[in-house]
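Step one of this worksheet: look at the structure below.
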Amino acid sequence: MSATEIVVAIDGPAGSGKSSVSKAIAAQFDFAYVDTGATYRAMAWWVLAEGIDPTDAETVAARCEEPRIDLATDPAALGVRVDGVDVSRAIREADVTGAVSHVSAVPQVRARMVQMQRDIVARAAAQGRGSVVEGRDIASVVFPNAPVKVFLTADTEIRAQRRALEDQERAGGAVVDVGSTVAGLEQRDALDSGRALSPLTRLADAVHIDATHLTLPEVVALVADLVVSAGSIMRENGPHG
Ligand code: DC
Numbered sequence: 098m099s100a101t102e103i104v105v106a107i108d109g110p111a112g113s114g115k116s117s118v119s120k121a122i123a124a125q126f127d128f129a130y131v132d133t134g135a136t137y138r139a140m141a142w143w144v145l146a147e148g149i150d151p152t153d154a155e156t157v158a159a160r161c162e163e164p165r166i167d168l169a170t171d172p173a174a175l176g177v178r179v180d181g182v183d184v185s186r187a188i189r190e191a192d193v194t195g196a197v198s199h200v201s202a203v204p205q206v207r208a209r210m211v212q213m214q215r216d217i218v219a220r221a222a223a224q225g226r227g228s229v230v231e232g233r234d235i236a237s238v239v240f241p242n243a244p245v246k247v248f249l250t251a252d253t254e255i256r257a258q259r260r261a262l263e264d265q266e267r268a269g270g271a272v273v274d275v276g277s278t279v280a281g282l283e284q285r286d287a288l289d290s291g292r293a294l295s296p297l298t299r300l301a302d303a304v305h306i307d308a309t310h311l312t313l314p315e316v317v318a319l320v321a322d323l324v325v326s327a328g329s330i331m332r333e334n335g336p337h338g
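Under our numbering, the first residue of the sequence shown carries the number 98, and numbering increases by one thereafter.
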């Protein structure tokens with residue numbers, strides 16, 4: 098692996114700021130940005146569109162190879178398509194958010210998505226580009242050898258406020274209730290952290306950043322320092338270091 102093929106793994110709970118940080122790092126270093134949550138959301142969108150009950154794990158498992166999912170990785174032109182349909186906005190709607198924890202707990206779904214995520218990073222590496230990959234199991238399962246591993250958290254109240262603000266912007270300014278956002282986040286945190294397969298975990302070898310009292314530029318600067326240091330170490334160790 099050369100310095101240009103660096104993988105930056107960013108894991109953390111919903112609303113911790115992973116997406117904003119990952120996009121900023123990808124833009125700064127010209128890396129591919131891989132939003133793995135968007136791949137699970139795309140699958141959940143398809144499950145709902147097909148009229149499949151998202152809690153019916155058996156049917157989800159049997160049919161999850163069917164949809165074609167394409168994820169764009171340029172931070173300036175992001176988007177996700179399912180069978181050619183642009184679902185970038187639709188995957189952020191409440192129905193998909195409600196279904197995605199169930200769909201993403203299905204082993205066959207995870208196996209397919211993990212393979213897709215590794216393929217995307219391999220394509221970027223073949224073009225000499227590094228990748229920033231954000232999710233829940235990136236450092237633990239998808240890229241256990243990633244030279245940069247970040248576990249990003251923030252207090253629930255702060256995460257809920259940020260999420261509510263994002264939802265409000267998407268809803269064209271309509272006020273969103275922070276109380277119900279807290280409840281939704283706590284429910285999703287419990288499902289994502291408590292599931293048997295690839296739960297959200299904080300690894301001992303990941304750098305833990307608590308963003309509760311940090312601004313976005315401050316978090317980005319911390320992660321950028323880690324990327325630069327990892328790049329120097331990889332250069333010192335040679336092309337396969
Ligand atoms: O990051 P997000 O909120 O868009 O993620 C959507 C859901 O997908 C989240 O509830 C957990 C799941 N997910 C996962 O299981 N593994 C990942 N690597 C990324 C997301």
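Every residue gets a Cβ at the ideal spot worked out from N, C-alpha and C, and that includes glycine.
If you follow the beta strand (DSSP E) that residue i is part of, which residue opens it and which one closes it?
i           : result
residue 247 : 245-250
residue 228 : 228-232
residue 72  : What the structure shows of the chain is the stretch from 98 to 338, and residue 72 is not part of that stretch, so it cannot be assessed.
residue 108 : 104-108
residue 306 : 304-307
Name the residue from the options whose alpha carbon lies nearest to the alpha carbon of residue i.
i           : options            : result
residue 314 : 290, 121, 202, 161 : 121
residue 265 : 118, 116, 191, 138 : 191
residue 189 : 255, 154, 238, 263 : 263
residue 208 : 159, 254, 303      : 159
residue 193 : 153, 232, 237, 140 : 140
residue 110 : 102, 287, 319      : 287
residue 186 : 212, 319, 295, 268 : 268
residue 318 : 195, 242, 119, 112 : 119
residue 172 : 117, 224, 242      : 117
residue 134 : 151, 174, 115      : 115
residue 308 : 280, 236, 252      : 252
residue 124 : 175, 212, 293, 195 : 175
residue 297 : 224, 142, 232      : 232
residue 142 : 300, 195, 112      : 195
When we look at the beta-carbon of residue i and count the other beta-carbons within 10 Å, is it buried (16 or more) or exposed?
i           : result
residue 127 : exposed
residue 100 : The predicted model places residue 100 with a pLDDT of 44, which falls under 50 and marks its position as unreliable, so this point remains unresolved.
residue 183 : exposed
residue 214 : buried
residue 326 : exposed
residue 289 : buried
residue 330 : exposed
residue 132 : buried
residue 147 : exposed
residue 282 : buried
residue 204 : exposed
residue 108 : buried
residue 234 : buried
residue 250 : buried
residue 104 : buried
residue 333 : exposed
residue 162 : exposed
residue 338 : Interpretation of residue 338 is limited by its pLDDT of 41, a score under 50 that renders its predicted location unreliable; no figure is taken from the coordinates.
residue 254 : exposed
residue 303 : buried
Looking at the unbroken alpha helix (DSSP H) that takes in residue i, where does it start and where does it end?
i           : result
residue 145 : 133-146
residue 199 : 191-200
residue 181 : Residue 181 -> no alpha helix (DSSP H), and no H or E assigned at all.
residue 235 : No alpha helix (DSSP H) contains residue 235, which DSSP labels as neither H nor E.
Please check if any C-beta of chain D sits within less than 8 Å of the C-beta of residue i.
i           : result
residue 211 : The structure shown contains no chain D; it holds only a single protein chain.
So, at 6 Å on beta carbons, what are the nonlocal neighbours of residue i in its own chain, with the 5 sequence-adjacent residues on each side left out?
i           : result
residue 270 : none
residue 278 : 257, 260, 261
residue 129 : 170, 221, 226, 228
residue 167 : 178
Tell me which same chain residues have a C-beta within less than 8 Å of the C-beta of residue i, skipping the five on either side of it?
i           : result
residue 137 : 197, 200, 201, 206, 210
residue 149 : 156, 157, 160
residue 152 : 199
Since residue i and residue j are thought to touch, with beta carbons under 8 Å apart, how far apart are those beta carbons, to the nearest angstrom?
i           : j           : result
residue 240 : residue 247 : Contact doesn't hold; Cβ gap of about 12 Å is too wide.
residue 295 : residue 218 : That belief does not hold up - the Cβ atoms of residue 295 and residue 218 are roughly 17 Å apart, past 8 Å.
residue 311 : residue 245 : The Cβ separation is near 18 Å, so there is no contact.
residue 106 : residue 236 : 4 Å
Within its chain, find whatever has a CB closer than 7 Å to the CB of residue i; leave out the 5 residues flanking it on each side and keep chain order.
i           : result
residue 180 : 164, 165
residue 275 : 257, 258, 261
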